[in-house]
Amino acid sequence: MESYIKMSILLCIYGVFKEFRPSEPYLVPIMTEPPLNFTAEQVSQEIFPVSAYSSLIFLILVFLITDFLRYKIVIILQAICAIATYLMIIFCRGVFLMQVMQVVYGLYMASEVAYFTYIYAKVDKEHYQEVTSFTRSATLIGRCLSGVASQLAVNYDLTSYEGLLWITVGSEILALIWALLLPSVDQSMYFHRNLSLEPKSTNENESNTQNVPNDNKCSLVAKFLWTDFKTAFTNVYVVKWALWWALATCGYYMVTSYVQVLWKVIIVDSGSDTVQYNGAVETIYTILGALASMTMGRVKLNWNFLGETILGVCSLLMTFLLLTMSMTLNVFVAYVTFIALTIIFQTMITVAYSEVAKHVNRDSYGLVFGV
């Protein structure tokens, strides 16, 4: 078996564990029903927004330290944050403590950078598109399994919402154990960078930054950070894909954060006694999203030529689906449009990840992906 496939499998197992969260499709019902009993307005306006702001702040820190900590430690931190998040939902009460929980969850989301960039530090550039599809598909498979488990649990009354939370905690503990077993990245890209690959004067004879005096190391690392940042974001091709990636991801996270509230409001306003199919929706969109992501990992297209056209068409489709979802009074229309929007996003974000990775310095993935 090829070494890059072995590395992908190891990381993908972690990805499945961390995304197997059967409580997630029913998080809004968990928050709005006993024992928490928050209103939909409190959830959407006072609690959920905290994670968006905290993840933005933490992301600045994470992309700066991911390389220094060599990826694996940040992945371990992500698993710890996931465990803490769901334990707080189980044991804590009150809006303030739920806001604290969302801060922890924000750190969990920010640490996702390490999960997606770890593999790039371990494999050759020629495999980037393929391994990107593997890692994204792993997260979708985990969500698919959690969707199946949660829907079966709700439909057949196999366990309570609290039971789903405990299953989620158990899965995150397994993710933590697996993260501890992941192979370490051999060295920090910036703090042990090979200077022989950098332009240098005749007085710079050190082989890597490890041989540089400590008082000069920080300034040298800062120089590398600035150089890689400038190199990446003066490349129009990288900027195009990175800008779409940033805007699409922001929109996608906003939609996924609030879509359960939308479904609940539609059901309540319509006076329907429809069973909530949140788990089934998550199962369907993750299966189709994983298939789309895996397919894109093997599709060879001239993205330099076709990229702008495909990005434009997909963006317009996502806009149409989002508008339809926001205006419909039928929960099943909202389900279908959400599934379609998610499939388009998962397809194109796989391409965006790999295209950016192909065109930036290998040493700067944590920096560029974080930005």
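Counting from 1, position 69 in the sequence shown corresponds to residue 70 in this note's numbering; the numbering is continuous, with no gaps. Glycine is no exception: its CB is placed at the ideal position from the N, C-alpha and C atoms.
What three-state label does DSSP hand residue i in the structure shown?
i: threonine 305; result: Checking the displayed sequence, the identity of residue 305 turns out to be asparagine instead of threonine. Three-state result, asparagine 305: helix.
i: proline 184; result: coil
i: leucine 70; result: coil
i: asparagine 331; result: coil
i: arginine 22; result: coil
i: aspartate 270; result: helix
i: tyrosine 259; result: helix
i: glutamate 173; result: helix
i: phenylalanine 39; result: coil
i: glutamine 277; result: coil
i: leucine 374; result: Summary: the structure shown does not reach residue 374, with the chain confined to residues 2 through 372, and so no result is reported for it.
i: isoleucine 33; result: According to the sequence displayed, residue 33 carries threonine and not isoleucine. Helix at threonine 33.
i: cysteine 93; result: coil
i: glutamate 3; result: coil
i: valine 300; result: coil
i: threonine 310; result: helix
i: valine 361; result: coil
i: threonine 373; result: The structure shown does not extend to residue 373, since the chain is modelled only from 2 to 372, so the question has no answer here.
i: threonine 325; result: helix
i: threonine 427; result: Nothing can be reported for residue 427: it is not among the residues displayed for the chain, which extend from 2 to 372.
i: proline 200; result: Annotation note: pLDDT 46 at proline 200 (below 50); position unreliable, coordinate value reported separately. Three-state DSSP puts proline 200 in coil, outside helix and strand.
How close, in whole Å, do the beta carbons of residue i and residue j come, if the pair is a contact with beta carbons under 8 Å?
i: alanine 111; j: valine 63; result: 5 Å
i: serine 134; j: serine 294; result: 5 Å
i: leucine 177; j: alanine 80; result: 4 Å
i: glycine 298; j: glycine 143; result: That pair is no contact at about 17 Å.
i: tyrosine 106; j: serine 52; result: 5 Å
i: alanine 249; j: leucine 141; result: Actually they are not in contact, since the Cβ atoms of alanine 249 and leucine 141 sit about 16 Å apart, beyond 8 Å.
i: valine 124; j: tyrosine 5; result: 4 Å
i: leucine 183; j: leucine 12; result: 7 Å
i: valine 357; j: alanine 243; result: 6 Å
i: threonine 136; j: arginine 22; result: Going by Cβ atoms, the distance from threonine 136 to arginine 22 rounds to 17 Å, so no, they are not a contact pair.
i: methionine 326; j: phenylalanine 339; result: 6 Å
Count the other CB atoms within 10 Å of the CB of residue i; is the residue buried (16 or more) or exposed (fewer)?
i: tyrosine 72; result: buried
i: phenylalanine 49; result: buried
i: lysine 7; result: exposed
i: serine 56; result: buried
i: aspartate 229; result: buried
i: proline 200; result: Any answer about proline 200 is weak, because its pLDDT of 46 lies below 50 and its placement is not dependable; what the coordinates show is given next. Under this definition proline 200 is an exposed residue.
i: alanine 150; result: buried
i: serine 24; result: buried
i: arginine 94; result: exposed
i: glutamine 103; result: buried
i: proline 395; result: The displayed coordinates of the chain run from 2 to 372. Any statement about residue 395 would go beyond what the structure contains.
i: glycine 164; result: exposed
i: glycine 272; result: exposed
i: glycine 280; result: buried
i: leucine 159; result: exposed
i: phenylalanine 59; result: buried
i: cysteine 145; result: buried
i: valine 361; result: buried
i: leucine 342; result: buried
i: aspartate 68; result: buried
> Which runs of the alpha helix (DSSP H) spanning at least 4 residues fall entirely within the segment 95 to 139, listed in chain order?
Replying inline: 96 to 111 and 113 to 119
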